[in-house]
Amino acid sequence: MNGYAVIIEGDGESFSGYAPDLPGCVAAGSSPSEVEELMRDAIRLHIESLRAHGEAVPPPSAAAATVVDVA
(Lines of atoms letter the chains of each structure in order from A; the text may use other names.)
(Lines give C-alpha, C1' and ligand atoms only; values in the text may rest on other atoms or scores of the structure.)
Protein backbone atom coordinates (compact mmCIF):
# COMPACT_ATOMS: atom_id res chain seq x y z
CA MET A 1 0.00 0.00 0.00
CA ASN A 2 1.20 3.50 -0.78
CA GLY A 3 1.35 6.17 1.87
CA TYR A 4 -1.19 8.95 2.16
CA ALA A 5 -0.26 12.44 3.28
CA VAL A 6 -1.64 13.36 6.70
CA ILE A 7 -1.93 16.92 8.02
CA ILE A 8 -1.73 17.24 11.81
CA GLU A 9 -2.72 20.49 13.51
CA GLY A 10 -2.94 21.40 17.15
CA ASP A 11 -2.89 24.00 19.85
CA GLY A 12 -0.47 22.27 22.22
CA GLU A 13 -3.23 20.56 24.21
CA SER A 14 -5.20 18.72 21.54
CA PHE A 15 -4.44 17.71 17.99
CA SER A 16 -6.36 16.63 14.92
CA GLY A 17 -5.36 15.11 11.64
CA TYR A 18 -6.85 14.56 8.22
CA ALA A 19 -5.86 12.93 4.94
CA PRO A 20 -6.41 15.43 2.09
CA ASP A 21 -6.74 12.62 -0.48
CA LEU A 22 -9.48 10.90 1.56
CA PRO A 23 -12.25 13.40 2.35
CA GLY A 24 -13.86 12.67 5.71
CA CYS A 25 -10.91 10.65 7.01
CA VAL A 26 -10.02 12.36 10.30
CA ALA A 27 -8.76 11.63 13.80
CA ALA A 28 -8.14 13.56 17.02
CA GLY A 29 -5.90 12.95 20.00
CA SER A 30 -3.82 14.48 22.76
CA SER A 31 -0.48 14.37 20.91
CA PRO A 32 0.79 14.38 17.33
CA SER A 33 2.07 10.81 17.74
CA GLU A 34 -1.34 9.63 18.96
CA VAL A 35 -3.03 11.29 15.98
CA GLU A 36 -0.51 9.69 13.62
CA GLU A 37 -1.29 6.25 15.05
CA LEU A 38 -5.04 6.88 14.91
CA MET A 39 -4.78 8.11 11.32
CA ARG A 40 -3.16 4.83 10.28
CA ASP A 41 -6.26 3.01 11.50
CA ALA A 42 -8.61 5.68 10.11
CA ILE A 43 -7.07 5.44 6.63
CA ARG A 44 -7.21 1.65 6.65
CA LEU A 45 -10.85 1.66 7.75
CA HIS A 46 -11.77 4.43 5.32
CA ILE A 47 -10.33 2.46 2.40
CA GLU A 48 -12.07 -0.73 3.56
CA SER A 49 -15.38 1.17 3.69
CA LEU A 50 -14.92 2.64 0.21
CA ARG A 51 -14.23 -0.82 -1.21
CA ALA A 52 -17.15 -2.40 0.68
CA HIS A 53 -19.48 0.19 -0.88
CA GLY A 54 -18.06 -0.27 -4.37
CA GLU A 55 -16.52 3.19 -4.42
CA ALA A 56 -13.18 4.05 -5.97
CA VAL A 57 -10.21 4.43 -3.66
CA PRO A 58 -8.42 7.69 -4.49
CA PRO A 59 -4.72 7.16 -5.15
CA PRO A 60 -2.30 9.00 -2.90
CA SER A 61 -1.13 12.24 -4.45
CA ALA A 62 2.47 13.32 -4.50
CA ALA A 63 2.95 15.46 -1.43
CA ALA A 64 5.71 17.51 0.07
CA ALA A 65 5.80 19.53 3.25
CA THR A 66 7.88 22.50 4.18
CA VAL A 67 7.82 25.30 6.70
CA VAL A 68 8.17 28.82 5.35
CA ASP A 69 9.64 31.44 7.68
CA VAL A 70 7.92 34.79 7.52
CA ALA A 71 9.80 37.81 8.78
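Mapping the sequence shown onto the numbering used here, position 26 (from 1) lands on 26, and the numbers just tick up by one.
All C-beta atoms in this analysis are idealised placements derived from N, C-alpha and C, irrespective of residue type, glycine included.
Self-check item: CA nearest to the CA of G10, picked from L22, A27 and S49
Solution: Taking the sequence shown and counting its residues from 1, one reaches residue 10 at position 10. Distance check between G10 and each of L22, A27 and S49 places A27 closest, using alpha-carbon atoms only.
Quiz item: Where does the unbroken alpha helix (DSSP H) through E34 begin, and where does it stop?
Solution: As a position in the sequence shown, residue 34 is number 34, starting the count at 1. Per DSSP, the continuous alpha helix (DSSP H) segment holding E34 begins and ends at P32 to A52.
Quiz item: Helix, strand or coil for V26 per DSSP?
Solution: As a first step, residue 26 is located in the sequence shown; it is residue number 26 there, counting from the start. Looking at V26 - three-state DSSP - the assignment turns out to be strand.
Exercise. Count the other CB atoms, across all protein chains shown, that sit within 10 Å of the CB of A19; report buried if there are 16 or more and exposed otherwise.
Key: Start at 1 with the first residue of the sequence shown, and residue 19 comes out as number 19. Under this definition A19 is a buried residue.
Practice problem: Would you give the residue range spanned by the beta strand (DSSP E) that E9 belongs to? | Solution: What you label residue 9 is simply residue 9 of the sequence shown in a count that begins at 1. I7 to G10 is the extent of the beta strand (DSSP E) around E9.
Practice problem: Report the rounded CA-to-CA distance for S16 versus E36, giving the unit in angstroms. | Solution: Start at 1 with the first residue of the sequence shown, and residue 16 comes out as number 16. Start at 1 with the first residue of the sequence shown, and residue 36 comes out as number 36. Answer to the nearest angstrom: the Cα atoms are 9 Å apart.
Quiz item: Taking DSSP as the reference, what is the three-state secondary structure of P59?
Solution: Translated into the one-based positions of the sequence shown, residue 59 becomes position 59. Of the three classes helix, strand and coil, the one that applies to P59 here is coil, per DSSP.
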